[in-house]
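Note that our numbering gives residue 120 to position 120 of the sequence shown, counting from 1, and the numbers run on in steps of one.
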Amino acid sequence: GLREIAGPTVTVMPNPNSPDHKLLVVAGRNAEELTTAANALVLGKAAMSGRQASIQSVDLGPPRAPYDAPNWAPVDRPVLFRELVTDPQQLQVSGNDPQAIRVNLRVPADLYGWNQRSVPLNLKYRYTAPSTYNDSVLNVDINEQLVRSYRLRPLSGSDDENLVSVPLLSGSDAVVSNAIRVPAFRVGSDNQMQFRFHLDSQKTGLCASTPAKVARAAIDPDSTIDFSGFAHYAAMPNLAFFANSGYPFTRLADLADTAVVLPDAPRAIDQEALLTLLGHMGRWTGLPALRVTVVPARDVESVGQRNLLIVGNGSAGELLARWGKSLPLMIARGKTEMALRDQRASAWSNWLSDSEPEAMTPAGRAILSAGGPLAALVGFESPFRERHSVVAVTATEADRLGDVLDALDDPAKVAQIRGDLTVVRAKEVEGLRLGERYFVGDFPWYARVWVRVSSHPVFLGIAGILAGLAVALSAFWALSRLAARRNGG
C-alpha cells in the first residue's frame, strides 16, 4: 500500500487488482501539494529513484509570451529549416526515386496576410547533377498540394557527372536557390511541406544495366520560410481553429489565460473530457497546461476575464441556459433550440459592420425535437469580456461527451468541425455558422480600411480618384503659395 504522505509525492506501485500492472500515484496533503507533484511529473523533474519520489518545489519558469509554443514555428522572423527538424539527416535522401523529404510546420491559427497573399519560401537544395537534361525533377508540395516543380539541370561539361551541385558536406559556393511564394490559403495551423526528388538514371542504351553511383539530394538546412509579414487577426468564433490547434486557448502555451469550467459535481466523463482536451492542447503546443485554472460552474464569474472552456452538462450546462439567447444552439433533453440566420441583410450594411454575409444577425430561433442523443461544440463571445472566447463541450446526456472526444481524435471528423456550432450525432459531424462574429487580434485601423476597400473594386476606384484629387489639390496649393511669394518679392 501507500506510505504515509508527507508532502508532494510521485509513486509507482503494483496494481492490487492486477499484479502484472502498475499504478502511478500522484499525491499531496492538499491541493497545492498535489499541483506541485503533478507539475514535477509532467515537467520531468521528479527524479524517480525507487518506488517513490518526494518533490520539494517546482519552478514553472517565467510566464509564457503569446505564440511562443515550443511546437510552433516563430512567426516574427524567417525560420531556418534546421529549426524545424530534429536532425539535419532528415533533409537528405538517396536513390533515383527516394521517399519525400517531409518537414512539419505548426503556426498560430490567427495569422492574417492583409498586405500579402503568399508566404515567402527561400529554398536551397542540392542534388547529384545529371550529365544531360532528363526527367530529373524536384516537386515542392505543402499539405500534399503542388506548389512548384523544378527541373534539375546538369552541371557544365567540365564538372564530373556525379558531383553534387552543392556538395552535402563541403563549403562550395555553388548553391541552387529558388524564391517560392506559397499561396497563403494553402497554409493552416498544422502543415507539412513535402520535397519530392526524382533523379532520373543517367545510364542509357547498353549501359542502362550497369551499376551507377548512388544519386543523392538534400534540402539545405539554411532554407527559410517567413511569416513575419502576417498579422495576428481572426474572425471568431472558429471551431476549426479549436479542433486543429486549440486556439484561442493555446495562444499562451501554458494556458495562463484559460479557465476550464466543470459542473459543480463533476462526473467521471467530465473529468475524462477535461484531461483529454488538455492533453490535445499539450500535443499541439508541446507544453503542459501549467497555468490553466479549473473552477466549478458556481465560480465562473471569478474567471470571467479569461477565455473559458466549458465542459459537461448539469450545472455547467445551466450556464449555457443562462446565456442562452445569445448562443447559436441550446440543447437539452428532449429539445434543441437553434438560432436562424437572417439572409436579407444588405451588402452595404455588411461592409459597414465589418462582417461577412454568413455572419449576419440571427433572425430568430427554432425549437426542434431531439429524438436521440446529441453532443455539440459551441463557440461564442464571452459574456464577461469583449473579444474573449467561450467554447462549450456539451451534450443532451453526459455519457455522449465522449462523441466529441472521439471526433477530435479522427482527422476526417476534425475536418468537418467549423463555424460556431458543430453537432456530433453518433458517427455524423456537421459544422455550421449561425451566430454573430467578433474579431480578435492586433490589426491596425489603416490595414482594416485597406482590406475592406481592396475587396470592393468600386470603393477601390473611388479611393484612387480621391487620392489623385488630394495629390492634385496639394500640388496646386503648393504652387500657388510659391507663385504668391515670387509676386510678393
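Just so you know, even glycine gets a beta-carbon here, dropped at the ideal spot from N, CA and C.
Given the structure is predicted, the values throughout are model-derived calculations rather than measurements.
Practice prompt. Following the continuous alpha helix (DSSP H) through P411, name the residue where it begins and the one where it ends.
Written response: Your numbering for residue 411 matches position 411 in the sequence shown. For P411, the enclosing alpha helix (DSSP H) stretches over residues P411 to V414.
Worksheet item: Among the residues of its own chain, which have a CB less than 8 Å from the CB of S223, if the five just before and after it don't count?
Response: Here the question's residue 223 lines up with position 223 in the sequence shown. L80, F81, L121, N122, L123, K124 and Y125, listed in sequence order.
Item to complete: Can you have a look at V107 and say buried or exposed, based on whether 16 or more other CB atoms are within 10 angstroms of its CB?
Response: The sequence position of residue 107 within the sequence shown is 107, counting from 1. Answer is buried; the Cβ neighbour count reaches 16.
Discussion item. I'd like the list of long-range same chain contacts for I225, defined as Cβ closer than 6 Å, with 5 residues on each side in sequence excluded.
Written reply: By 1-based counting over the sequence shown, the position of residue 225 is 225. Spatial neighbours of I225 in its own chain (CB-CB distance under 6 Å, excluding positions within 5 residues in sequence) are listed in chain order as V79 and L121.
Fill in: Distance, N313 Cα to W348 Cα
As a working mapping, residue 348 is identified with position 348 in the sequence shown. As a working mapping, residue 313 is identified with position 313 in the sequence shown. The predicted model places W348 with a pLDDT of 37, which falls under 50 and marks its position as unreliable; any figure quoted below should be read in that light. Looking at the two C-alpha atoms, the distance is approximately 41 Å.
Fill in: For V429, the first and last residue of its enclosing beta strand (DSSP E)
Start at 1 with the first residue of the sequence shown, and residue 429 comes out as number 429. For V429, the enclosing beta strand (DSSP E) stretches over residues E428 to L432.
Worksheet item: Should the segment 18-32 be called in touch with the segment 57-77, which here means at least 3 C-beta pairs below 8 Å?
Response: No, the segment 18-32 is not in contact with the segment 57-77.
Item to complete: Would you grab the beta carbon distance between L300 and V260 for me? Rounded to a whole angstrom, and I think it's under 8 Å.
Response: As a working note, residue 300 is residue 300 in the sequence shown. As a working note, residue 260 is residue 260 in the sequence shown. The amino acid occupying residue 300 in the given sequence is Val; Leu does not appear at that position. Not quite, the Cβ-Cβ distance comes to about 11 Å (not below 8 Å), so this is no contact.
Practice prompt. Consult DSSP for F227 and reduce its assignment to one of helix, strand or coil.
Written response: In the sequence shown, counting from the first residue as 1, residue 227 sits at position 227. When secondary structure is reduced to three states using DSSP, F227 falls in the coil class, being assigned neither helix nor strand.
Fill in: Ordered list of alpha helix (DSSP H) runs contained in the segment 382-413, each at least 4 residues
Within the segment 382-413, the complete alpha helix (DSSP H) runs of at least 4 residues are 401-408.
Item to complete: Please state if the CB of R181 and the CB of S118 are separated by a distance shorter than 8 Å.
Response: Position 118 of the sequence shown holds residue 118. Position 181 of the sequence shown holds residue 181. Contact annotation: S118 and R181 have beta-carbon atoms nearer than 8 Å.
Worksheet item: What three-state label does DSSP hand I269 in the structure shown?
Response: Counting from one through the sequence shown, the residue named residue 269 turns up at place 269. I269: helix per DSSP, three-state reduction.
Worksheet item: Below 8 Å between beta carbons: does that hold for A392 and A375?
Response: As a position in the sequence shown, residue 392 is number 392, starting the count at 1. As a position in the sequence shown, residue 375 is number 375, starting the count at 1. Cβ distance not < 8 Å, so A392 and A375 don't count as in contact.
Practice prompt. Kindly indicate the opening and closing residues of the alpha helix (DSSP H) around V42.
Written response: Start at 1 with the first residue of the sequence shown, and residue 42 comes out as number 42. Note, V42: alpha helix (DSSP H), A31 to V42.
Practice prompt. Could you name each continuous beta strand (DSSP E) segment of 3 residues or more that falls completely within the segment 92-164, going from the start of the chain to the end?
Written response: Runs of the beta strand (DSSP E) lying entirely within the segment 92-164 and spanning at least 3 residues, in chain order: 92-94, 101-106, 118-127, 137-142 and 145-151.
Worksheet item: Whose C-alpha, out of P221, A69 and Y127, is nearest the C-alpha of Q89?
Response: Here residue 89 refers to the residue found at position 89 of the sequence shown. Here the closest residue by C-alpha is P221.
Worksheet item: Do P263 and A316 come within 8 Å of each other at the CB atom, strictly closer than that value?
Response: By 1-based counting over the sequence shown, the position of residue 316 is 316. By 1-based counting over the sequence shown, the position of residue 263 is 263. Note that the C-beta distance between A316 and P263 is below 8 Å.
Worksheet item: With G246 and H280 assumed to form a contact (beta carbons below 8 Å), what rounded beta-carbon distance in angstroms separates them?
Response: To locate residue 246, count along the sequence shown from 1; it is residue 246. To locate residue 280, count along the sequence shown from 1; it is residue 280. Right, the Cβ-Cβ distance comes to about 6 Å (below 8 Å), so this counts as a contact.
Fill in: Residue range of the unbroken alpha helix (DSSP H) whose run includes N71
As a first step, residue 71 must be located in the sequence shown, where it is residue number 71. Run containing N71: none; DSSP gives neither H nor E here.
Worksheet entry | Helix, strand or coil at R425 according to DSSP, with G and I counted as helix | What you label residue 425 is simply residue 425 of the sequence shown in a count that begins at 1. In this structure, R425 counts as strand in the three-state DSSP scheme.
Worksheet item: In whole angstroms, what is the alpha-carbon distance linking D410 and A398?
Response: Residue 410 sits at position 410 when you count from the first residue of the sequence shown. Residue 398 sits at position 398 when you count from the first residue of the sequence shown. Counting only the Cα atoms, A398 lies some 21 Å from D410.
Fill in: Residue ranges of each alpha helix (DSSP H) within the segment 273-337, 4 or longer
Whole alpha helix (DSSP H) segments, 4+ residues: 315-322.
Practice prompt. Would you list the residues sitting across from H21 in a DSSP beta bridge?
Written response: Start at 1 with the first residue of the sequence shown, and residue 21 comes out as number 21. Answer by DSSP bridge pairing: none, since H21 is not bridged.
Worksheet item: Is the CB-CB distance between W323 and P237 below 8 Å?
Response: Residue numbering aside, residue 323 sits at position 323 when the sequence shown is read from its first letter. Residue numbering aside, residue 237 sits at position 237 when the sequence shown is read from its first letter. For the pair W323 and P237, the CB atoms are not nearer than the 8 Å cut-off.
Worksheet item: How long is the line joining the alpha carbons of G95 and N139, rounded to whole angstroms?
Response: Locating residue 95 in the sequence shown gives position 95, where the first residue counts as 1. Locating residue 139 in the sequence shown gives position 139, where the first residue counts as 1. Counting only the Cα atoms, N139 lies some 16 Å from G95.
Discussion item. I'd like to confirm the pairing. Which residues does DSSP put opposite L80 in its beta bridges?
Written reply: Position 80 of the sequence shown holds residue 80. L80 pairs with T224.
Worksheet item: Along the chain, where does the alpha helix (DSSP H) that runs through L239 open and close?
Response: The residue you call residue 239 lines up with position 239 of the sequence shown. Counting along the chain, L239 sits inside the alpha helix (DSSP H) bounded by residues L239 to S245.
Discussion item. I need the boundaries of the beta strand (DSSP E) containing I219, first residue and last residue.
Written reply: Taking the sequence shown and counting its residues from 1, one reaches residue 219 at position 219. Segment R216 to I219, the beta strand (DSSP E) holding I219.
Practice prompt. For D59, count neighbouring C-beta atoms within 10 Å of its own C-beta (all shown protein chains included) and say buried if the count is 16 or more, exposed if not.
Written response: As a working mapping, residue 59 is identified with position 59 in the sequence shown. Flag for D59 reads exposed.
Fill in: Burial state of L63, where buried means 16 or more other Cβ atoms lie within 10 Å
Position 63 of the sequence shown holds residue 63. The sequence as given places Pro at residue 63; Leu does not occur at that position. So P63 ends up on the exposed side.
Worksheet item: Under the rule that 16 or more other beta-carbon atoms within 10 Å means buried, what is Y446, buried or exposed?
Response: Counted from its first residue, the sequence shown places residue 446 at position 446. The residue in question, Y446, is exposed, as its Cβ has fewer than 16 Cβ neighbours within 10 Å.
Worksheet item: What are the boundary residues of the beta strand (DSSP E) that includes R490?
Response: It is not possible to answer for residue 490, since the shown part of the chain is limited to 1 through 489.
Item to complete: Could you tell me the boundaries of the beta strand (DSSP E) in which P16 lies?
Response: What you label residue 16 is simply residue 16 of the sequence shown in a count that begins at 1. Where P16 is concerned, there is no enclosing beta strand (DSSP E), because DSSP gives it neither an H nor an E.
Item to complete: Go ahead and pull the three-state DSSP assignment for Q52.
Response: Numbered from 1 along the sequence shown, position 52 holds the residue referred to as residue 52. Q52: strand per DSSP, three-state reduction.
Worksheet item: So which of V440, A484 and L479 has the shortest CA-CA distance to R385?
Response: Stepping through the sequence shown from its first residue, residue 385 is reached at position 385. Comparing Cα positions, the closest option is V440.
Worksheet entry | Terminal residues of the beta strand (DSSP E) in which S177 lies | On the sequence shown, residue 177 is found 177 positions in, with the first residue counted as 1. S177: member of the beta strand (DSSP E) spanning V176 to P183, first to last residue.
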